[in-house]
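J.:
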Amino acid sequence: MFDVQRVREDFPILKRKINSYPLIYFDNAATTQKPQQVLDAERDFYENHNGNVHRAVHTLSQEATDLYEAARETTAKFIGAKNSAEVVFVRGTTEAINLVAYSWGIPNLKAGDEILVSTMEHHSNIVPWELAAKLTGCTVRYGKVHPDGTLDTADFEGKFNKNTKLASLSQVSNVSGVINDVKHIAKVAHEHGALMLVDGAQSVPHMPVDVADLDVDFLAFSGHKMLGPTGIGVLYAKKPLLEQMSPFEGGGEMIRDVTVNQQTERCGISWNDPPWKFEAGTPNICGAVALAAAIKYLQHLGMAEIFQHEKELTVYAMEQMLSCCTKLRLYGTTDASLKCGIMPFGVEGLSSHDVALFLDNYGVMIRSGYHCAQPLHQVFNLASSARASFYIYNTKEEVDRFVKILKEMEQF
Ligand code: PMP
257 MFDVQRVRED
267 FPILKRKINS
277 YPLIYFDNAA
287 TTQKPQQVLD
297 AERDFYENHN
307 GNVHRAVHTL
317 SQEATDLYEA
327 ARETTAKFIG
337 AKNSAEVVFV
347 RGTTEAINLV
357 AYSWGIPNLK
367 AGDEILVSTM
377 EHHSNIVPWE
387 LAAKLTGCTV
397 RYGKVHPDGT
407 LDTADFEGKF
417 NKNTKLASLS
427 QVSNVSGVIN
437 DVKHIAKVAH
447 EHGALMLVDG
457 AQSVPHMPVD
467 VADLDVDFLA
477 FSGHKMLGPT
487 GIGVLYAKKP
497 LLEQMSPFEG
507 GGEMIRDVTV
517 NQQTERCGIS
527 WNDPPWKFEA
537 GTPNICGAVA
547 LAAAIKYLQH
557 LGMAEIFQHE
567 KELTVYAMEQ
577 MLSCCTKLRL
587 YGTTDASLKC
597 GIMPFGVEGL
607 SSHDVALFLD
617 NYGVMIRSGY
627 HCAQPLHQVF
637 NLASSARASF
647 YIYNTKEEVD
657 RFVKILKEME
667 QF
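Residues 257 to 668 in the working numbering are what the sequence shown spells out, letter by letter.
#1: Just how far apart, CA to CA, sit A536 and F504?
#2: Kindly indicate which three-state DSSP category K570 falls into: helix, strand or coil?
#3: Would you call the stretch 344-352 in contact with the stretch 537-551, where contact means no fewer than 3 C-beta pairs closer than 8 Å?
#4: With burial defined as no fewer than 16 other Cβ atoms inside 10 Å of the residue's Cβ, what is the status of I488: buried or exposed?
#5: Got a sec? Which residues, its chain only, sit under 6 Å from R397 by beta carbon, not counting five neighbours each side?
#6: Is it true that the CB of P631 sits closer than 8 Å to the CB of T375?
#7: What residues are listed by DSSP as bridge partners for I371?
#8: Consult DSSP for V611 and reduce its assignment to one of helix, strand or coil.
#9: Check each candidate in H310, I648 and F477 and name the one with the smallest Cα separation from F334.
#10: I think V343 touches L483, with their Cβ atoms under 8 Å apart; what is that distance to the nearest whole Å?
#11: Using only the alpha-carbon positions, how far apart do P496 and D529 sit?
#12: Would you say the stretch 564-578 touches the stretch 397-406, given that touching needs at least three Cβ pairs under 8 Å?
#13: Mind checking who I280 pairs with in its DSSP beta bridge?
#14: Please tell me whether H627 and R643 are closer than 8 Å, where the distance is taken between their beta carbons.
#15: For G433 and T582, what's the separation of their Cα atoms in angstroms?
#16: Since T315 is in the alpha helix (DSSP H), which residue starts that stretch and which ends it?
#17: Within its chain, find whatever has a CB closer than 8 Å to the CB of I382; leave out the 5 residues flanking it on each side and keep chain order.
#18: Considering only their Cβ atoms, is the gap separating M510 from K533 smaller than 8 Å?
#19: List in chain order: all unbroken beta strand (DSSP E) runs of 3+ residues lying wholly within the stretch 507-561.
#20: Less than 7 Å separating the Cβ of C581 from some heavy atom of ligand 1?
#21: Specify, as a first and last residue, the run of the beta strand (DSSP E) that R272 falls within.
#22: From this set, I441, G368, E377 and G405, which residue's C-alpha is nearest L391's C-alpha?
#23: Among residues of its own chain, excluding the 5 on either side of M574, which ones have a beta-carbon nearer than 8 Å to its beta-carbon?
#24: Please enumerate, following chain order, all residues with a beta carbon closer than 5 Å to at least one heavy atom belonging to ligand 1.
#25: Is E654 near ligand 3, with its Cβ less than 7 Å from a heavy atom?
#26: In this structure, what does DSSP give as the bridge partners for K197?
#27: Please list the terminal residues of the continuous alpha helix (DSSP H) segment that includes A410.
#28: Are A546 and E265 close, meaning C-beta to C-beta below 8 Å?
#29: What residue from I661, G588, H609 and E377 has the CA that sits closest to D404's CA?
#30: Taking Cβ positions only, does T349 come closer than 8 Å to chain B?
#31: Would you please state the rounded distance, in angstroms, between the beta carbons of Y649 and V260? I believe it to be under 8 Å.
#32: Is DSSP giving M482 helix, strand or coil here?
#33: Is C394 near L425, with beta carbons less than 8 Å apart?
#34: Thinking just about the alpha-carbon of each residue, which of H310, A327 and E319 is nearest to the one in Y302?
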């Protein structure tokens, strides 16, 4: 049984008051708060085990290496990866997608090739492909989105052809919360001989995600959106792909041997095995260790239970918002079966920043702007939106207070 009050006790920040009001944190799609278990894991690492990884024979280096590699195992199991070598630690979703665009894309793409993304993507699943297109001459194609924010699946599938080399799609939109059937799209991609990348930034923290079941080639996600620290994220990739791909950055740890012949001034380099081939320099060791603590916390609650909790909150919030506030507009689909706990909205006559600032006065944190997804806002015919997004510690009582403040806002 999911006990939200019990969960809340683990989050020290939830005791904060803002302008003497209890903090209500509804900006979870941007980043999430951290439970004591994650804070303790970070502190324990620096207090007791800090050393650099894979380098020295001394005890602390061994302990740090063991913890770092154990974090990789935990992460691999969490997403159903067969082999922990398929988990590359990166800074976050943005770096993971850039890594694929540079290390797989640039050596493999040429003029005439196509990359297929959708119009609902976060800029970090658009811009790296446009940069790769500039360097390789390939074309980026954009699958259409319906006015309600759902993917036009027929259009997306219809855009696959023999030139499509990779489809890159978010599993959950960071603006509308719409869930895409990436398992089906991966199948279609493979039928056309294309690879499939899933942007899991908004799905991995909120629902069960299993790469073997989805049969995707790449999965990108960020630790900070799932109770972990900033600066740590994951690129999952099938091992044969990682073996073929060129390194992303050069430096220590990503090589096996570097030799320089002083006479000829020739340098010979051989790469380390994946995943280390993609982890040049000192990685975010403590971040990985704390991410593993976050994953264990989420696993303890159960990903299916987390999804259910957020779904119930979303249904409740949408009902309350629509029935209580006449000037309020929900953007995108209101069919809860198509989405998870992210709700874009607006209040007639007010800018999204005005809405967010008004709520902030009462201790309610939401996001305003275009949420790094301008093309989707163009589909909605909006310059910006307000966005409330839920996580494991949010409650119906918080939704009630949020709606009460929205009602007050309407009086102005
Ligand atoms: N994709 C999606 C769908 C996102 O929501 C985000 C974060 N807002 C990103 C990518 C980028 O994540 P990060 O900033 O952690 O790299």
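Glycine is no exception: its CB is placed at the ideal position from the N, C-alpha and C atoms.
T.: Checking against the coordinates, here is how it stands:
#1: 8 Å
#2: Note on residue identity: the sequence assigns Thr, not Lys, to residue 570. T570 falls in the helix class under three-state DSSP.
#3: yes
#4: buried
#5: E370, L372 and K415
#6: yes
#7: V396 and L422
#8: helix
#9: F477
#10: Incorrect: roughly 18 Å between the Cβ atoms, too far for contact.
#11: 11 Å
#12: no
#13: V620
#14: yes
#15: 23 Å
#16: T315 to F334
#17: V373, V396 and P631
#18: yes
#19: 511-517 and 522-527
#20: no
#21: Premise fails: R272 is in no beta strand (DSSP E) and is neither H nor E.
#22: G368
#23: L586, T590, A592 and M599
#24: G348, T349, T350, H378, S380, S426, N430, D455, A457, Q458 and S478
#25: In the structure on display, ligand 3 does not appear, and the ligands it does have are ligand 1.
#26: There is simply no residue 197 to check, as the chain begins at 257 and stops at 668 in what is shown.
#27: T409 to G414
#28: no
#29: G588
#30: No chain B is part of this structure, which consists of one protein chain only.
#31: 7 Å
#32: helix
#33: no
#34: E319
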